[in-house]
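Residue numbers (the UniProt record's numbering): 1 to 300. Note that beta-carbon positions come from the ideal geometry of N, C-alpha and C, so glycine has one too. So the structure is just underneath, and the comments pick up after that.
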């Protein structure tokens, strides 16, 4: 992915092989997971939403669930994008993975993406028994734009009275449309997702409202001034990426509001470092920290 992604590059990126889909056979991992797809009701008056459901084979008791909102800058990707990382988690912390297909910007601006994600969560929680899920142990997880959507869904769930989430795992989340933090300025023209790319993604989602006074916290969770009564959060980000300062501020806001957050700023980490150089020591440390948090949270 080029650092300085512009609007005219969105369609070529979607058509390219940057985010190649995993097949059902890939996802099954030699029989370790069963693979299913379900069309479930979307937001009122909007199309149905597809959920990709990956269940550890041979699970005898209701399992925790990891509800996944995929990354891709709000503009690319699908419900298979990045799901292999969650499968690695589930190999150590047995969990059902439910990954939601949401409509992408700019064709479908806010609130379509986050409302699709919320609708899928509502259905998942309501049908937990059928899916072999313990409804008291649903964690929402996402990276980059998916991390922003996960944070937004957690806010919606709080404000609308459910479903109850056990935790929110926000990996390098994209949460501030204002794009003006010191790290955003420092990383202009550098790295995997720079200030120009960030503006492209946010403008696709918000249009002319991007950066203005009326942006909803459900679109840009950094806009929320009251972060109380949220599920425990795991926030991690690299020290060398655009989102560093907005993510540190979000964890601080949760603490300030009396909530629980575990924050990691990985030294030298760039956006997506753990997927691009998984063998690096810092990537292995990041993965281990996520597994430990999930294990504690799930009571494993």
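So, is residue i buried or exposed, given that buried needs 16 or more other C-beta atoms within 10 angstroms?
| i | result |
| --- | --- |
| residue 42 | buried |
| residue 128 | buried |
| residue 276 | exposed |
| residue 39 | exposed |
| residue 278 | exposed |
| residue 284 | exposed |
| residue 256 | exposed |
| residue 15 | exposed |
| residue 225 | exposed |
| residue 99 | buried |
| residue 21 | exposed |
| residue 61 | exposed |
| residue 268 | exposed |
Alpha carbons only, please: which of the options is nearest the one belonging to residue i?
| i | options | result |
| --- | --- | --- |
| residue 294 | 90, 40 and 218 | 90 |
| residue 72 | 285, 162, 253 and 172 | 172 |
| residue 86 | 110, 55 and 4 | 55 |
| residue 146 | 159, 189 and 218 | 218 |
| residue 162 | 126, 131 and 188 | 126 |
| residue 155 | 187, 78, 237 and 220 | 220 |
| residue 33 | 180, 83 and 288 | 83 |
| residue 63 | 107, 230 and 92 | 92 |
| residue 76 | 100, 59 and 11 | 11 |
| residue 144 | 299, 281, 7 and 270 | 270 |
| residue 199 | 31, 178, 168 and 233 | 178 |
| residue 212 | 180, 236 and 192 | 180 |
| residue 241 | 184, 215, 227 and 262 | 184 |
| residue 52 | 167, 80, 31 and 26 | 80 |
| residue 258 | 229, 234 and 186 | 229 |
| residue 175 | 236, 281 and 103 | 236 |
| residue 103 | 149, 182 and 186 | 149 |
| residue 193 | 263, 141, 31 and 74 | 74 |
| residue 261 | 227, 268, 272 and 280 | 227 |
Between residue i and residue j, is the Cβ-Cβ spacing less than 8 Å?
| i | j | result |
| --- | --- | --- |
| residue 153 | residue 117 | yes |
| residue 238 | residue 244 | yes |
| residue 165 | residue 133 | no |
| residue 105 | residue 113 | yes |
| residue 157 | residue 131 | no |
| residue 274 | residue 287 | yes |
| residue 170 | residue 151 | yes |
| residue 109 | residue 5 | no |
| residue 250 | residue 289 | no |
| residue 65 | residue 95 | yes |
| residue 101 | residue 49 | yes |
| residue 297 | residue 232 | yes |
| residue 311 | residue 68 | There is no way to answer for residue 311, as the model of the chain reaches only from 1 to 300. |
| residue 282 | residue 265 | no |
| residue 31 | residue 59 | no |
What residues are listed by DSSP as bridge partners for residue i?
| i | result |
| --- | --- |
| residue 141 | 68 and 169 |
| residue 264 | 236 |
| residue 50 | 39 |
| residue 291 | Note: residue 291 sits in no beta bridge, so no partner. |
Less than 7 Å between the CB of residue i and some heavy atom of the ligand GTP, yes or no?
| i | result |
| --- | --- |
| residue 126 | Judged by which ligands are present, the structure shown has none, so any question about the ligand GTP falls away. |
Mind listing, in chain order, the continuous beta strand (DSSP E) runs of no fewer than 3 residues lying wholly within the segment 198 to 255?
233 to 238
Whole alpha helix (DSSP H) elements within the segment 72 to 109, 4-residue minimum:
83 to 92
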